[in-house]
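Enquirer: Our numbering numbers the first residue of the sequence shown as 418 and each following residue consecutively. Got a structure for you, questions after.
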Amino acid sequence: MKKNHILFACIHNSGRSKIAEAFFNYYVNKLNKKNILSCSSAGTYPKKNVNTNVQKVMKEVGINIIGKPQIINNDMLSKTDIVFTMGCDIDSDKCPNILDKKTVDWNLTDPSEKSLEEVRKIRDQIADKVKNLIQKLLTEKA
Numbered sequence: 418m419k420k421n422h423i424l425f426a427c428i429h430n431s432g433r434s435k436i437a438e439a440f441f442n443y444y445v446n447k448l449n450k451k452n453i454l455s456c457s458s459a460g461t462y463p464k465k466n467v468n469t470n471v472q473k474v475m476k477e478v479g480i481n482i483i484g485k486p487q488i489i490n491n492d493m494l495s496k497t498d499i500v501f502t503m504g505c506d507i508d509s510d511k512c513p514n515i516l517d518k519k520t521v522d523w524n525l526t527d528p529s530e531k532s533l534e535e536v537r538k539i540r541d542q543i544a545d546k547v548k549n550l551i552q553k554l555l556t557e558k559a
């Protein structure tokens with residue numbers, strides 16, 4: 418059975434896409450489905466570090482975000498089945514091969530410059546979207 422690989426993409430890879438990646442890995446590990454589902458996250462203009470409030474609200478639910486923001490590259494795209502964007506325009510000049518992939522936009526609010534309470538709401542929206550995505554992917558594989 419072919420492994421599905423998801424890319425969560427945004428501009429800075431310091432907030433929404435990092436939350437999505439962390440929840441995806443958490444739920445996939447919990448379901449013991451690492452053999453058929455995987456993900457990564459990246460951005461077209463990554464920041465140096467993950468947003469501090471994002472790290473805080475994820476720790477509240479027992480998930481540590483690991484890894485620095487990274488840039489989308491062709492190697493990453495070559496193994497990706499579906500790209501989920503977070504509600505931001507991905508610069509296709511900076512990343513032209515992204516146009517070759519099936520892309521779904523989740524239209525989420527950017528957590529940068531938001532209060533902890535607002536970032537919690539964004540976190541919870543992403544958690545719901547990720548749960549639904551995993552369920553859909555597993556149903557399609559059944």
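No residue lacks a Cβ here, since even glycine has one placed at the ideal position from N, Cα and C. Computed from a predicted structure; not experimentally measured.
In chain order, what are the residue ranges of uninterrupted alpha helix (DSSP H) at least 4 long that sit wholly in the stretch 487 to 546?
Expert: Correct list: 491 to 495.
Enquirer: Taking only the alpha-carbon atoms, compute the straight-line gap between V536 and V471 and give it to the nearest angstrom.
Expert: 7 Å
Enquirer: Taking the straight line between their C-alpha atoms, what separation do you get for V467 and A459?
Expert: 11 Å
Enquirer: How many angstroms separate the CA atom of K518 from the CA atom of F501?
Expert: 10 Å
Enquirer: For T461, tell me which candidate among S529, P528 and S434 has the shortest Cα-Cα distance.
Expert: S434
Enquirer: Buried or exposed for K485, going by 16 or more other Cβ atoms inside 10 Å?
Expert: exposed
Enquirer: Nearest CA to the CA of L551: which residue from N446, S431 and C427?
Expert: Leu is not the amino acid found at residue 551; the sequence shown has Ile there. Out of N446, S431 and C427, N446 has the C-alpha closest to the C-alpha of I551.
Enquirer: With H, G and I counted as helix, E and B as strand and the rest as coil, what does DSSP make of G448?
Expert: Here residue 448 is Leu; the residue named in the question, Gly, does not match the sequence. Coil.
Enquirer: Span of the beta strand (DSSP E) holding N421?
Expert: N421 to C427
Enquirer: Would DSSP call S434 helix, strand or coil?
Expert: helix
Enquirer: Closest by CA to T497, which one among S455, N449, D541 and V478?
Expert: S455
Enquirer: Return the first residue and the last residue of the beta strand (DSSP E) that G460 is part of.
Expert: L454 to G460
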